[in-house]
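**Q**
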Amino acid sequence: MKSLKLGALVVAGVLVSVPAFAQFDLTGKWASRSGQDAMERGPGPDPVDYLGLPLNDEGRARALSYDYSLMSLPEGQCGYHTPFYIVLGPFALHIWNEFDPVTARLVAWKIGAWVDKDAQTIWMDGRPHPSPNAPRTYGGFTTGRWEGDTLVTTTTHMKATTIRRNGAPVSDHATMAMYMVRHGDLLTIRAVMEDPVYFSEPLVRSRVWALDPRGNLNLGNGVASPCEPIAELPRADVAGFVPHHLPGQNPFVNELTEMYNIPVEAVLGGAETLYPEYRKKLTGYVPPAMCKRYCGCGGLGVPCIEDGSGVPK
Amino acid sequence: MTRVKRSGLAAVALVLAWSGGVAAQGRGGQGRGGDGASATAKTVAPIDLTGYWVSVVTQDWRWRMVTPPKGDYASIPITVEAKNVGDAWDPARDEAAGEQCKSYGAPALMAVPTRLRITWRDENTLQVETDAGTQTRQFHFGTWKRQGGSATWQGESTAEWERPRPARGISPKGGSLKVATRHLRPGYLRRNGVPYSADAVLTEYWDVSTERTGDQWITITSTVEDAKYLREPWVTALNFKKERDGTKWDPTPCSAR
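Listed below in structure tokens is the structure:
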């Protein structure tokens with residue numbers, strides 16, 4: 006009888022110690038390793054640069070009305086991006102998990118905040134998403150499940166905000182999925198944002214991080230993101246003042262065309278522009294003779310054009 | 403030994419075999435976890451990569467859909483030596499030398515806007531063709547040995563499947579393809595002449611995921627290591643969407659411009 010009890014104990018012990026099906030440990034600090042989107046991630050996109058975005062006409066019109074000065078309004082300074090910003094922004098990820106103290110089962114994964122992105126909780130305990138009429142937050146409501154070695158998440162209930170820092174919009178009807186897979190010390194996340202209001206097809210982007218305890222977490226702890234708004238512009242605290250561009254009056258529409266010879270139709274985005282066959286519409290394109298700004302050779306210790314002056318420094 | 407004791411020990415053995423033993427299969431290459439000596443990479447494939455796939459260029463559009471200006475090295479951790487080579491980029495010289503395909507080598511090819519046609523060339527060789535530049539990559543599983551000879555744009559690629567670790571006696575579906583590519587003919591990481599050397603090594607992980615809508619995607623996590631021209635590994639992730647058929651397949655030659 007003692008042997009039977011011993012066997013039962015071993016069975017219970019092993020079942021508790023074996024991880025849930027195929028799951029990876031995602032906890033830790035993950036430093037950005039993506040050799041992509043340097044300008045969007047660093048200095049920021051130009052005011053009218055919707056290249057690679059599947060905007061529909063309504064999304065394009067909304068984007069063109071955006072004025073960067075909106076961020077200076079006190080009520081606008083604490084407006085975060087959605088969790089999609091994980092695959093856009095420049096910072097490291099801080100991921101940890103929480104367990105039920107009684108059952109020791111995984112309850113949630115947590116992804117820490119950045120200066121302009123709310124913390125995100127990925128519920129793993131099977132709870133349902135809230136009612137469609139429930140309030141929205143910038144972080145939204147996220148559930149997750151394992152498919153093989155991939156953590157698949159679904160996010161709903163996000164506030165309307167921007168999908169790119171230059172004001173390209175995403176609505177509060179949008180939903181998001183993430184596919185998180187780990188290969189050794191690399192973490193790849195593919196994010197898919199569907200927005201029936203402003204996109205004509207889902208926006209899909211990927212990014213890679215490397216496990217690194219020295220990852221740049223921004224704001225020190227990578228857990229929370231406090232925000233203290235202040236008036237930054239002389240007119241920004243005048244009641245009712247809203248920086249904007251009226252239809253047809255955005256002064257930056259032709260900026261990318263003048264700098265890079267890219268047709269304005271491509272600059273304004275759209276699903277058609279995302280596919281290889283669109284290159285046939287670019288046959289008249291001739292690249293500028295030289296890179297004139299943000300040329301990506303900073304830190305080499307040699308003259309490099311980095312500041313938009315067009316002069317190597 | 404009493405029958406009760408034997409039962410207890412049998413239970414312990416069963417559990418240990420179920421948890422540790424099975425889990426120890428872990429990741430593996432061709433044949434592991436398959437059905438014996440007859441298993442091939444094709445028969446044990448944990449994911450199906452075959453079919454037609456298309457680049458969806460939502461990232462680095464200005465550096466991929468069009469040729470960026472000379473001297474634009476954004477996003478690539480180049481060395482000073484690479485900058486010197488890039489600053490001397492001359493597409494007319496490449497055309498005159500018959501080297502229009504320098505930016506279609508394996509370390510750059512998957513970032514070129516293209517369609518992929520993926521097929522099994524034989525039981526242990528997965529073939530990836532692109533219509534842009536009409537290039538062909540071959541991923542060799544198992545005991546394949548390199549053939550020797552001159553380095554090529556697509557180099558020589560060895561491949562293995564990676565599988566989720568079984569747990570509680572259950573083997574989850576899915577997995578990844580890991581590909582290592584060496585023996586490359588020197589070329590460009592980007593069409594505007596950012597170089598990679600003959601010693602460059604490309605490591606890729608190919609993952610497949612299916613969306614809520616039923617759309618299937620390949621995500622390639624790619625790392626290029628090149629001590630001569632890169633200060634640190636250049637890491638990217640690229641996405642391809644599955645297409646119903648090959649009706650949009652449109653072979654076009656390499657272009658240096």
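Protein chains in written order, with my numbering: chain S, 6 to 318; chain B, 403 to 659.
The beta-carbon is built from N, C-alpha and C at its ideal position, and this holds for glycine as well.
A quick note: this is a predicted structure, and the numbers were derived from the prediction, not measured.
Does any C-beta atom of chain B lie closer than 8 Å to the C-beta of Ile168/S?
**A** Locating residue 168/S in the first sequence gives position 163, where the first residue counts as 1. So no, Ile168/S is outside the interface.
**Q** For a contact defined as C-beta to C-beta under 7 Å, what are the partners of Glu613/B on chain S?
**A** Residue mapping note: residue 613/B aligns to position 211 of the second sequence, counting from 1. Simply Ala182 and Val197.
**Q** Name the chain S residues whose beta carbon is nearer than 9 Å to that of Val446/B?
**A** To locate residue 446/B, count along the second sequence from 1; it is residue 44. Simply none; closest approach about 15 Å.
**Q** Quick check on Gln540/B - is its C-beta less than 8 Å from some C-beta in chain S?
**A** To locate residue 540/B, count along the second sequence from 1; it is residue 138. It does not: the Cβ of Gln540/B has no partner Cβ on chain S nearer than 8 Å.
**Q** Return yes when the Cβ of Arg592/B is within less than 8 Å of the Cβ of Ile534/B, no when it is not.
**A** Along the second sequence, read from residue 1 onward, the residue named residue 534/B stands at position 132. Along the second sequence, read from residue 1 onward, the residue named residue 592/B stands at position 190. Note that residue 534/B is Ala in the sequence shown here, rather than Ile. Going by C-beta atoms, Ala534/B is not nearer than 8 Å to Arg592/B.
**Q** Would you grab the beta carbon distance between Asp617/B and Lys644/B for me? Rounded to a whole angstrom, and I think it's under 8 Å.
**A** Residue mapping note: residue 617/B aligns to position 215 of the second sequence, counting from 1. Residue mapping note: residue 644/B aligns to position 242 of the second sequence, counting from 1. At roughly 7 Å, the Cβ-Cβ gap stays under 8 Å, so Asp617/B and Lys644/B are in contact.
**Q** Report buried or exposed for Thr32/S, applying the criterion of at least 16 other Cβ atoms within 10 angstroms of its Cβ.
**A** The residue you call residue 32/S lines up with position 27 of the first sequence. Thr32/S comes out exposed.
**Q** Restricting to Cα atoms, I'd like to know which of Glu525/B, Arg567/B and Thr621/B is closest to Ala447/B.
**A** As a working mapping, residue 447/B is identified with position 45 in the second sequence. Looking at the Cα atoms, Glu525/B is the closest of the given residues.
**Q** Just the chain B side, please: which residues come within less than 7 Å of Gln41/S by C-beta, in chain order?
**A** Along the first sequence, read from residue 1 onward, the residue named residue 41/S stands at position 36. Per Cβ cutoff of 7 Å: Gln461, Asp462, Ser477 and Thr638.
**Q** Could you round the C-beta distance between Gly145/S and Pro207/S to whole angstroms and report it? I think they count as a contact, below 8 Å.
**A** For the purposes of this step, residue 145/S is identified with residue 140 of the first sequence, where counting begins at 1. For the purposes of this step, residue 207/S is identified with residue 202 of the first sequence, where counting begins at 1. In fact, because the Cβ distance is near 16 Å, the residues do not count as touching under 8 Å.
**Q** Measuring only between beta-carbons, confirm whether Asp130/S sits less than 8 Å from chain B.
**A** As a working mapping, residue 130/S is identified with position 125 in the first sequence. Closer than 8 Å: no.
**Q** Buried or exposed: Phe642/B, going by 16 or more other Cβ atoms within 10 Å of its Cβ?
**A** Stepping through the second sequence from its first residue, residue 642/B is reached at position 240. Phe642/B is buried by the Cβ-count criterion.
**Q** So with CB distances below 8 Å, who are the chain B contacts of Ile267/S?
**A** Residue mapping note: residue 267/S aligns to position 262 of the first sequence, counting from 1. Simply Arg464 and Val468.
**Q** Using a Cβ-Cβ cutoff of less than 7 Å, which residues in the same chain neighbour Arg519/B once the five nearest sequence positions on both sides are dropped?
**A** Residue numbering aside, residue 519/B sits at position 117 when the second sequence is read from its first letter. Result list for Arg519/B: Tyr454, Glu531, Gly648 and Trp651, in chain order.
**Q** Apply the 10 Å Cβ neighbour rule to Val21/S and answer buried if 16 or more other Cβ atoms are within range, or exposed otherwise.
**A** Position 16 of the first sequence, counting from 1, holds the residue named residue 21/S. Low per-residue confidence applies at Val21/S: pLDDT is 43, beneath 50, and the placement is therefore not dependable enough to give any value.
**Q** Does Lys644/B come out as helix, strand or coil in the three-state DSSP assignment?
**A** Taking the second sequence and counting its residues from 1, the one referred to as residue 644/B is at position 242. Looking at Lys644/B - three-state DSSP - the assignment turns out to be strand.
**Q** Is the region 49 to 69 of chain S in contact with the region 84 to 102 of chain S, if contact means three or more CB pairs nearer than 8 Å?
**A** Because the criterion of three Cβ pairs below 8 Å is not met, the region 49 to 69 of chain S and the region 84 to 102 of chain S do not touch.
**Q** If we define contact as Cβ-Cβ less than 8 Å, is His188/S a contact residue for chain B?
**A** Against the first sequence, residue 188/S aligns to sequence position 183. Judged by the 8 Å Cβ criterion, His188/S is in contact with chain B.
**Q** On a CA-only basis, which of Glu564/B, Phe543/B and Glu613/B is nearest Thr583/B? Give me that one, please.
**A** The sequence position of residue 583/B within the second sequence is 181, counting from 1. For the residues Glu564/B, Phe543/B and Glu613/B, the minimum Cα distance to Thr583/B belongs to Phe543/B.
**Q** Quick one: Cα of Ser211/S to Cα of Phe29/S, how far?
**A** The count along the first sequence starts at 1 and reaches residue 211/S at position 206. The count along the first sequence starts at 1 and reaches residue 29/S at position 24. Taking the straight line joining both Cα atoms gives about 19 Å.
**Q** Would you decide whether Tyr299/S is buried or exposed? Buried here means 16 or more other CB atoms lie within 10 Å of its CB.
**A** As a first step, residue 299/S is located in the first sequence; it is residue number 294 there, counting from the start. Per the 10 Å Cβ criterion, buried.
**Q** By the three-class DSSP mapping on this structure, what secondary structure does Ser314/S have?
**A** In the first sequence, counting from the first residue as 1, residue 314/S sits at position 309. Three-state DSSP puts Ser314/S in coil, outside helix and strand.
**Q** With a CB to CB cut of under 8 Å and the five nearest residues on each side skipped, what residues in its chain are close to Gly49/S?
**A** Position 44 of the first sequence, counted from the first residue, corresponds to residue 49/S. Cβ within range, chain order: Arg170 and Asn171.
**Q** Would you mind telling me which residues of chain B sit closer than 9 Å to Asp154/S, beta carbon to beta carbon, in chain order?
**A** Taking the first residue of the first sequence as 1, we reach residue 154/S at position 149. Glu564, Arg565, Pro566, Arg567, Pro574, Gly576, Gly577, Ser578 and Asp609, listed in chain order.
**Q** Would a check of beta-carbon distances place Lys630/B closer than 8 Å to chain S?
**A** Within the second sequence, the letter at position 228 stands for residue 630/B. For Lys630/B, the answer is no, since every Cβ of chain S falls outside 8 Å of its Cβ.
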